[in-house]
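Residue numbers for the sequence shown follow numbering that gives the first Met the number 0, beginning at 0 and rising by one. Virtual Cβ for every residue (Gly too), placed ideally from N, Cα, C.
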Amino acid sequence: MTSLYSTYNNDQLLPLLKTGDHDAFTEIYNRYWDKMLFIAGVKCGSIAIAEEIVQDIFLDIWRRHAELEITGELEAYLAVSVKYRVINAQARLKRLLEYQQFEAGRQTAQDRSTEEWLSFQELQERLSQLVNRLPEKCRITYQLSREEGLPQKEVARRLNVTEKAVEANLSRALKILKTSLKNFLSVFFYF
0 MTSLYSTYNN DQLLPLLKTG DHDAFTEIYN RYWDKMLFIA GVKCGSIAIA
50 EEIVQDIFLD IWRRHAELEI TGELEAYLAV SVKYRVINAQ ARLKRLLEYQ
100 QFEAGRQTAQ DRSTEEWLSF QELQERLSQL VNRLPEKCRI TYQLSREEGL
150 PQKEVARRLN VTEKAVEANL SRALKILKTS LKNFLSVFFY F
């Protein structure tokens with residue numbers, strides 16, 4: 000069902016919105032929801048967060064409709080609102096993650112017992128033994144990539160092989176280690 004307001008332009012809808020006309024608000028909402036959601040989704044990378052941001056913007060518009068001053072184009076106003084809400088959401092998320100990492104690190108440091116440390120040492124020792132038993136090309140590739148942290152391109156250059164060869168050797172090494180460690184870890188975590 001098409002409403003009368005669907006024929007109105009933004010300059011006609013805004014004064015109606017200012018008076019608290021719910022149908023004018025609904026028309027603006029329907030007209031811009033998808034565009035704003037797309038912009039927010041692209042900028043923040045999460046559809047759930049994007050939906051929350053856009054919903055908050057529309058709630059804010061409805062709550063403040065009487066004192067709302069939009070100079071210029073409505074679409075530009077909404078795009079800028081999305082931009083700043085995304086920036087604020089990303090900043091809040093970053094602070095939350097930093098706090099969680101801090102707390103996790105603090106908690107881990109407090110809770111780490113001698114037994115956990117010994118178990119970790121045992122796991123590292125087992126991994127080291129398994130790495131030393133890998134076929135030579137796999138072992139060298141693994142050590143350069145995982146232990147020294149070199150990118151595959153640099154590993155390929157140092158070993159004078161293609162990146163595909165590095166990728167294949169690394170994949171093989173990881174598969175062998177995963178299979179070997181799976182048995183060890185099942186016993187390790189059983190106790």
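Can you give me the C-alpha to C-alpha distance between V79 and R94, rounded to a whole angstrom?
Position 80 of the sequence shown holds residue 79. Position 95 of the sequence shown holds residue 94. Roughly 23 Å separates the two Cα atoms.
Decide yes or no for the touch test of the region 123-143 against the region 153-172: beta carbon pairs closer than 8 Å, at least 3 of them.
Verdict: yes, contact present.
Please confirm whether V85 and V53 have their CB atoms less than 8 Å apart.
For the purposes of this step, residue 85 is taken as the residue at position 86 of the sequence shown. For the purposes of this step, residue 53 is taken as the residue at position 54 of the sequence shown. It is not a contact, given that the beta carbons lie outside the stated cut-off.
Which of helix, strand or coil does DSSP assign to P134?
Taking the first residue of the sequence shown as 1, we reach residue 134 at position 135. In the structure shown, P134 sits in coil (DSSP, three-state: anything other than H, G, I, E or B).
Which residues in the same chain have their Cβ closer than 8 Å to the Cβ of L173, if we skip the five residues on either side of it in sequence?
What you label residue 173 is simply residue 174 of the sequence shown in a count that begins at 1. Y141.
In the structure shown, what three-state DSSP assignment does Y76 receive?
Stepping through the sequence shown from its first residue, residue 76 is reached at position 77. Y76: helix per DSSP, three-state reduction.
Would a check of beta-carbon distances place R145 closer than 8 Å to chain C?
Of the chains in the structure shown, none is chain C; there is only one protein chain.
Let's see if you can read the secondary structure: which residues bound the alpha helix (DSSP H) around E153?
Position 154 of the sequence shown, counting from 1, holds the residue named residue 153. Unbroken alpha helix (DSSP H) run through E153: Q151 to L158.
If you draw a straight line from the C-alpha of H21 to the C-alpha of Y28, how long is it?
Stepping through the sequence shown from its first residue, residue 21 is reached at position 22. Stepping through the sequence shown from its first residue, residue 28 is reached at position 29. Roughly 10 Å separates the two Cα atoms.
Expressed to the nearest angstrom, what Euclidean distance is found between the alpha-carbon atoms of Q123 and E102?
Within the sequence shown, residue 123 is the residue found at index 124, counting from 1. Within the sequence shown, residue 102 is the residue found at index 103, counting from 1. Answer to the nearest angstrom: the Cα atoms are 25 Å apart.
Classify A164 as helix, strand or coil using the three-state DSSP reduction.
The sequence position of residue 164 within the sequence shown is 165, counting from 1. Helix, per DSSP.
Can you tell me which of the three DSSP states G104 falls into?
Residue numbering aside, residue 104 sits at position 105 when the sequence shown is read from its first letter. Note: G104 maps to helix in three-state DSSP.
What separation, rounded to the nearest whole angstrom, lies between the Cα atoms of K163 and S127?
The sequence position of residue 163 within the sequence shown is 164, counting from 1. The sequence position of residue 127 within the sequence shown is 128, counting from 1. The straight-line gap from Cα to Cα measures roughly 25 Å.
Can you list, in chain order, the residues of its chain whose CB lies under 8 Å from that of E192, leaving out five sequence neighbours each side?
With the chain covering only 0 through 190, there is no way to say anything about residue 192.
Below 8 Å CB to CB, which residues in the same chain sit around R43 once its five sequence neighbours on both sides are set aside?
Residue numbering aside, residue 43 sits at position 44 when the sequence shown is read from its first letter. The question names Arg, yet the displayed sequence has Cys at residue 43. Counting only Cβ-Cβ distances below 8 Å, and skipping sequence neighbours, we find A49, I52, V85, A88 and Q89.
Could you round the C-beta distance between L176 and L129 to whole angstroms and report it? I think they count as a contact, below 8 Å.
Along the sequence shown, read from residue 1 onward, the residue named residue 176 stands at position 177. Along the sequence shown, read from residue 1 onward, the residue named residue 129 stands at position 130. 6 Å between Cβ atoms; contact.
Ordered along the chain, which non-local residues of its own chain (more than five positions away) have a Cβ less than 8 Å from that of I56?
Position 57 of the sequence shown, counted from the first residue, corresponds to residue 56. Within the same chain, I56 has close Cβ partners M35, L77, S80, V81 and R84.
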